[in-house]
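Residue numbers (full-length UniProt numbering): 1 to 211.
All remarks here apply to the structure that follows.
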Amino acid sequence: MTIRLGDVAPNFTQESTEGPINFYEFIGDSWAVLFSHPKDFTPVCTTELGYVGKLKPEFVKRNVKVLGLSVDPLSDHTKWVGDIEETQGHQFNFPLLADADRSVSNLYDMIHPNASDTLTVRSVFVIDPNKKVRLIITYPASTGRNFDEILRVIDSLQLTDGYKVATPVNWKDGEDVIIVPALSDEEAKERFPKGWVAHKPYLRVTPQPNK
Ligand code: BEZ
């Protein structure tokens with residue numbers, strides 16, 4: 001099954017470093033980031049998982065739970081966690097699915113056979129509290145992801161949901177945003193009391209409304 005933006009994220013139950021996880025129960029009323037890495041005891045993955053541990057307070061601030069995955073067994077995960085903490089200097093503070101039977105990897109199409117028959121690629125799914133898929137990105141095994149970018153997209157998605165704004169190229173939290181074209185000027189006057197600059201009728205820029 002192909003998962004696309006706007007689809008309901010499929011549920012699953014799988015073993016993890018924090019015990020069995022039912023995905024929907026895990027998400028609860030939060031947002032979630034589900035991400036796969038190719039293999040335990042590999043260098044790029046070690047740096048990624050250490051960095052996600054460092055970013056945990058940023059995810060918590062945004063009401064986001066993070067959940068990693070690889071097809072390695074739980075026994076490998078538990079041994080590897082020590083290496084991650086030792087080399088990356090951050091506590092390992094989020095669960096890692098042990099998807100040895102590949103049930104979740106297959107459900108989320110995380111194994112791309114022309115890249116590797118056996119290992120998951122670096123997939124990322126951002127899922128909202130309604131269990132809808134809001135972001136999908138896929139990186140190759142040799143490129144570590146930019147998890148700051150994932151936080152940036154979550155900031156943008158949460159702003160869109162709360163304030164009917166979109167975010168321009170390279171936007172960062174605190175910078176001006178764009179009033180969605182679907183909103184009339186009359187509606188915009190009520191929603192954006194700070195006003196806006198209309199570079200074109202469809203390009204209306206306003207200060208970030210929650211700052
Ligand atoms: C890594 O994490 O370093 C890695 C894993 C699989 C293939 C290539 C690199």
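Where a beta carbon is used, it is the ideal one built from N, C-alpha and C, also for glycine.
{"query": "Spatial neighbours of Phe192 within its chain, please: C-beta separation below 7 Å, excluding the five flanking residues on both sides.", "result": "Ile179, Thr206, Pro209"}
{"query": "Would a C-beta distance cut-off of 8 Å place Asp128 and Trp31 closer than the cut-off?", "result": "yes"}
{"query": "Collect the residues with a C-beta less than 6 Å away from any heavy atom of ligand 1 and give them in sequence order along the chain.", "result": "Pro38, Lys39, Thr42, Pro43, Val44, Cys45, Ala141, Ser142"}
{"query": "What is the rounded straight-line gap between the Cα of Lys189 and the Cα of Gln14?", "result": "49 Å"}
{"query": "Can you name, in chain order, every residue of its own chain whose Cβ lies under 7 Å from the Cβ of Asp109, other than the five neighbours on each side?", "result": "Thr2, Ile3"}
{"query": "For Pro20, which residues in the same chain have their Cβ closer than 8 Å to its Cβ, ignoring the five residues on either side in sequence?", "result": "Thr13, Gln14"}
{"query": "Return the first residue and the last residue of the beta strand (DSSP E) that Val8 is part of.", "result": "Note, Val8: premise wrong, no beta strand (DSSP E); not H, not E."}
{"query": "In terms of DSSP beta bridges, what is Ala100 paired with?", "result": "None, per the DSSP bridge assignment."}
{"query": "Within a Cβ cutoff of 8 Å, which residues of the same chain sit near Asp117, ignoring the five residues on either side of it in sequence?", "result": "Ile111"}
{"query": "Once the 5 residues before and after Phe41 are set aside, which same chain residues still bring their CB inside 6 Å of it?", "result": "Trp80"}
{"query": "Go ahead and pull the three-state DSSP assignment for Ile178.", "result": "strand"}
{"query": "Using C-beta distances below 8 Å, list every residue in its chain close to Pro140, excluding the 5 sequence neighbours before and after it, in chain order.", "result": "Ala115, Val121, Arg122"}
{"query": "Does DSSP classify Tyr139 as helix, strand or coil?", "result": "strand"}
{"query": "By Cβ distance, which residues of its chain are closer than 7 Å to Pro168, with the 5 residues on each side in sequence left out?", "result": "Ile178"}
{"query": "List in chain order: all unbroken alpha helix (DSSP H) runs of 4+ residues lying wholly within the region 50 to 123.", "result": "74 to 88, 103 to 107"}
{"query": "Strictly by DSSP, which residues pair up with Lys132?", "result": "Val8"}
{"query": "With which residues is Val169 paired in a DSSP beta bridge?", "result": "None; Val169 has no bridge partner."}
{"query": "First and last residue of the alpha helix (DSSP H) that includes Phe35?", "result": "Run containing Phe35: none in the alpha helix (DSSP H); it sits in the beta strand (DSSP E), 31 to 36."}
{"query": "DSSP three-state call for Arg145: helix, strand or coil?", "result": "coil"}
{"query": "Can you give the beta carbon distance from Thr17 to Leu96, rounded, assuming they're within the 8 Å contact cut?", "result": "5 Å"}
{"query": "Check whether the region 47 to 55 and the region 68 to 88 touch, using three or more Cβ-Cβ pairs below 8 Å as the test.", "result": "yes"}
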